[in-house]
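S.K.: Heads up: the protein sequence lines correspond to chains A and B, in order. Start counting the first sequence at 8; every next residue gets the next number (this note's numbering). Start counting the second sequence at 35; every next residue gets the next number (this note's numbering). From the three backbone atoms N, C-alpha and C, an ideal C-beta is built for every residue, glycine too. These numbers were taken from a predicted model, which means no experiment stands behind them.
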Amino acid sequence: MSAIAGPMEADAAVPAEALEADGRERRLLSRRYRLVVITTRVLLVAAVLGFWQAGSGTIINPFWVSSPSRIVARLATWIGDGTLWANTVATLTAMALGFTLGSLAGVIVGFTLGRVRFLADVLTPFVIAVNSLPKLALAPLFILWFGIGLQGKVVMTSLVCFFLVFYNTFAGARDTDDELLGVVSLMGAGRRDRLIKVIIPSSATWIFTGLRLAVPYSLVGAVVSEITASSEGLGHLLKTSANTFDTAGSFAAIVVLVVVALVINIAVSKAEGLISRWK
Amino acid sequence: MNVMAAGADSEQRTDHPLIEFDHVGMIYQGARQSFVAVDDLAVAVPRGQFCCVVGPSGCGKSTLLNMVAGLLEPSRGTVRYEGEPVQGPNTRVGYVTQKDNLLPWRSVRRNVGLPLELRGMGKRERAERVDQMLDLVGLAGFGDAYPRELSGGMRKRVTLARTLVYEPEVILADEPFGALDSQLRTVLQDQLVRIWERTRATVVFITHDLGEAVALGDRVVVMSSRPSRVVLDRTIDIPRPRDIFSVRFDPRFAALHEELWAALSPEIEGRRRA
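As structure tokens, this is what we get:
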């Protein structure tokens, strides 16, 4: 009992210092906790990889599952002969072009439809119809039209991005609060002021949401076109490996895709944090 | 005295009252039924008057302000501003809406500066006026905060500052102090009265607080429950300058409060029974 009372009294006597010490202790604790979490993660990955490595060739035929060492060896080969770099660049190029073109078109069309009521009323059912179509199903058609080179991939990717960005921009442009617009008009805002100072910034969060969604989907769009038919790219690498029963190559391509997707997602969340400070 | 006042009036004013509701009606068309929010309202507000409007909630008081602002068209009758029917946004009025209507992506300072910015005032002068105004409403030091980071009462004060900062000819205020605690409310009422006594803008001030209406206004209009009519239109003859902190102890204050309450309470009772 007195052991408990002791520190409490000390607490009351020097609250600031005690609090500070408490905070330091908590920080220390949280650092230790984080360390435990990270260690567990590393151990988990090591266990899975170890089990995979050990099981491959003993429990299950490596033809189906390959093994971590073979995958690493394959990655090393690809890095050495330039395969990895060339295909990654091909995919990223398709992604970047598709994302840029699709998003730009999405913002422009979304904004126009969002602010011109007549157009919105006429076109909304068609937009919904086209949007409910799984866009990836169009990949074969686009390849027929635009070929297996960069063009077909860019069209596919931009279509996927277009709809994501368009939808959000459209919603954002319509979402602008009419009362807010009214009040700003009373302060003397003309059409241009309302657009620049109210409608665009208020849609911006929506547009960013669309863009954030579109980034990972641009990777999906590019890779799916490559898998369908193409002459280069990570999807192409994955498909040719699988088609030649090369599991090590398939896994290696997937590993590269995971890394690319991770890097992109981290970059997007960093960019988002910088942009919307006011949220 | 009266003759003199009338003479002074005709010098600077036209024959028209600044704001005039000429037999105005407002009918809202609902999905299943329409209801009459305002019915045959005839009120005129002369230039420079501080006119308070009280009434049961939902009696269409905000509708009146929206019509003066030109954000809403009456279903019947005409709302006139300086004798001309109001058509489209009336840029001569400043409107403190019930909702704070701040731009969430702008800092407090940039929100308050918005009307000045829209009027093309230079950056330096703008900053000076904004800081002065923030100081006045007790928000000095919060200029760089974003609306989301503020409490409801603070946001309300930002809205008030944003309207007062450009000194519009008319200030429409829709329960601007409703969400504030009573001490802060008194302080801001005091600030508003001081600013008003200096600028003599025309004010239409909606409140549900009878005491506030008597303390601030030159006149109190009591509205009925829906459909809204004027139940009582009373001049508040407490002399100015008024001290908000002591006006409540003025014997006239109690008498007026009582008279207004007698007019208002049946409306509230009626609503409760209905």
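Indicate whether at least one CB of chain A lies closer than 8 Å to the CB of V127 (chain B).
M.R.: V127 (chain B) counts as touching chain A.
S.K.: Does W295 (chain B) come within less than 8 Å of chain A when only Cβ atoms are used?
M.R.: For W295 (chain B), the answer is no, since every Cβ of chain A falls outside 8 Å of its Cβ.
S.K.: Could you check whether S232 (chain A) and F118 (chain A) sit closer than 8 Å to each other, using their CB atoms as the reference points?
M.R.: Against a cut-off of 8 Å, the Cβ pair of S232 (chain A) and F118 (chain A) comes out as no contact.
S.K.: Listed in chain order, which residues of the stretch 204–229 of chain A have Cβ atoms closer than 9 Å to some Cβ of chain B?
M.R.: For the stretch 204–229 of chain A, which is checked against every Cβ of chain B, the residues closer than 9 Å are K204, V205, P208, S209, A211 and T212.
S.K.: When you compare the CB of S74 (chain A) with every CB in chain B, is at least one pair closer than 8 Å?
M.R.: Not closer than 8 Å to any Cβ of chain B, the Cβ of S74 (chain A) fails to qualify, so no.
S.K.: Using 8 Å as the threshold, is the stretch 162–180 of chain B in touch with the stretch 91–103 of chain B, meaning 3 or more CB pairs across them?
M.R.: In short, these stretches do not touch, since the Cβ pair count stays below three.
S.K.: Compute the distance between the beta-carbons of G242 (chain A) and T98 (chain A), then report whether it is under 8 Å.
M.R.: Yes.
S.K.: Please classify E32 (chain A) as buried or exposed, where buried requires at least 16 neighbouring CB atoms within 10 angstroms.
M.R.: Exposed: under 16 other Cβ atoms inside 10 Å.
S.K.: Can you give the Cα-Cα distance for T197 (chain B) and G187 (chain B), rounded to whole angstroms?
M.R.: If I take the Cα positions, the gap works out to 16 Å.
S.K.: Any chance you could list the alpha helix (DSSP H) runs of at least 4 consecutive residues sitting entirely within the stretch 122–187 of chain A, in chain order?
M.R.: 124–139, 146–153 and 157–182, all fully within the stretch 122–187 of chain A.
S.K.: Cβ atoms of L250 (chain B) and Q225 (chain B): under 8 Å apart, would you say?
M.R.: Taking 8 Å as the Cβ cut-off, Q225 (chain B) and L250 (chain B) do not qualify as a contacting pair.
S.K.: For A196 (chain A), which residues in chain B fall below 7 Å Cβ to Cβ?
M.R.: Those within 7 Å of A196 (chain A) in chain B are L152.
S.K.: Tell me, to the nearest whole angstrom, how far the beta carbon of T236 (chain B) is from that of G82 (chain B); I am working on the premise that it is less than 8 Å.
M.R.: Yes, T236 (chain B) and G82 (chain B) are in contact; Cβ-Cβ is about 6 Å, under 8 Å.
S.K.: With a threshold of 16 other CB atoms inside 10 Å of the CB of T131 (chain A), please say whether the residue is buried or exposed.
M.R.: Exposed, because fewer than 16 other Cβ atoms sit within 10 Å of the Cβ of T131 (chain A).
S.K.: If I'm right that V79 (chain B) touches P51 (chain B) with Cβ under 8 Å, what's the distance once you round it to whole angstroms?
M.R.: Rounded, the Cβ-Cβ distance is 6 Å, consistent with contact.
S.K.: Helix, strand or coil for R31 (chain A), going by three-state DSSP, please let me know.
M.R.: In this structure, R31 (chain A) counts as helix in the three-state DSSP scheme.
S.K.: Just to make sure I have the definition right: I need the residues of chain A whose C-beta is within less than 8 Å of the C-beta of L148 (chain B). Which are they?
M.R.: Neighbours of L148 (chain B) on chain A, chain order: V191, M194 and K204.
S.K.: Write down every uninterrupted run of the alpha helix (DSSP H) in the stretch 214–251 of chain B whose length is 4 residues or greater and which is fully enclosed by it, in chain order.
M.R.: As far as the stretch 214–251 of chain B is concerned, its whole alpha helix (DSSP H) runs of at least 4 residues are 216–233 and 244–250.
S.K.: Where D43 (chain B) and E118 (chain B) are concerned, what is the direct C-alpha to C-alpha distance, given to the nearest angstrom?
M.R.: Note on D43 (chain B): pLDDT 44, under 50, position unreliable in the model; no value is reported.
S.K.: What's the gap between the Cα of R263 (chain B) and the Cα of A297 (chain B)?
M.R.: If you take the alpha carbons of R263 (chain B) and A297 (chain B), they lie about 12 Å apart.
S.K.: Identify every run of the beta strand (DSSP E) within the stretch 273–307 of chain B, keeping only runs that are complete inside it and at least 3 residues long; order them along the chain.
M.R.: DSSP runs (the beta strand (DSSP E)) wholly in the stretch 273–307 of chain B: none.
S.K.: Can you confirm whether N135 (chain B), when its beta carbon is compared against all beta carbons of chain A, has any partner nearer than 8 Å?
M.R.: Yes, contact with chain A.
S.K.: Can you give me the Cβ contacts of I234 (chain A) inside the same chain, cut-off strictly under 6 Å, excluding the 5 residues immediately before and after it?
M.R.: The residues are G242 and K246.
S.K.: Have a look at A76 (chain B) and G128 (chain B) and give me their C-alpha separation to the nearest angstrom.
M.R.: The alpha-carbon atoms of A76 (chain B) and G128 (chain B) are separated by roughly 22 Å.
S.K.: Starting from the beta carbon of E279 (chain A), find every residue of chain B whose beta carbon is closer than 8 Å, and list them in chain order.
M.R.: The premise fails here: E279 (chain A) is roughly 14 Å from chain B at the closest Cβ pair, so nothing lies under 8 Å.
S.K.: What are the start and end residues of the alpha helix (DSSP H) that includes G280 (chain A)?
M.R.: Its alpha helix (DSSP H) spans residues T254 to I282.
S.K.: Is the stretch 247–255 of chain A in contact with the stretch 55–75 of chain A, if contact means three or more CB pairs nearer than 8 Å?
M.R.: The stretch 247–255 of chain A vs the stretch 55–75 of chain A: in contact.
S.K.: Note down, in chain order, each residue of its chain lying with its Cβ closer than 6 Å to the Cβ of A310 (chain B), except the 5 sequence neighbours on either side.
M.R.: This structure does not reach residue 310 (chain B), given that chain B is present from 35 up to 308, and the question cannot be answered.
S.K.: In terms of residues, what are the limits of the alpha helix (DSSP H) holding T131 (chain B)?
M.R.: Counting along the chain, T131 (chain B) falls outside any alpha helix (DSSP H), and DSSP gives it neither H nor E.
S.K.: Considering Cα atoms alone, identify which of B:R163, B:R228 and B:A195 is closest to D134 (chain B).
M.R.: Nearest C-alpha to D134 (chain B): B:A195.
S.K.: Please list the partners that T131 (chain B) has in chain A, where partner means a Cβ-to-Cβ separation under 7 Å.
M.R.: Residues of chain A passing the Cβ test: E186 and V190.
S.K.: Quick one: is D200 (chain A) near chain B, going by C-beta distance under 8 Å?
M.R.: At least one chain B Cβ lies under 8 Å of D200 (chain A).
S.K.: Kindly confirm or deny that the stretch 208–222 of chain A and the stretch 171–185 of chain A touch, where touching means at least three C-beta pairs closer than 8 Å.
M.R.: Result yes; three or more Cβ-Cβ pairs closer than 8 Å.
S.K.: Excluding the 5 residues flanking I225 (chain A) on each side, which residues of the same chain have their C-beta closer than 6 Å to its C-beta?
M.R.: Per the sequence shown, residue 225 (chain A) should be read as Ser rather than Ile. Closer than 6 Å at the Cβ level, and outside the excluded window around S225 (chain A), lie M102, G105, F106, T164 and C168.
S.K.: In whole angstroms, what is the alpha-carbon distance linking L244 (chain B) and G156 (chain B)?
M.R.: The straight-line gap from Cα to Cα measures roughly 41 Å.
S.K.: Identify the residues that DSSP records as bridge partners of T269 (chain B): which are they?
M.R.: Answer is B:R253.
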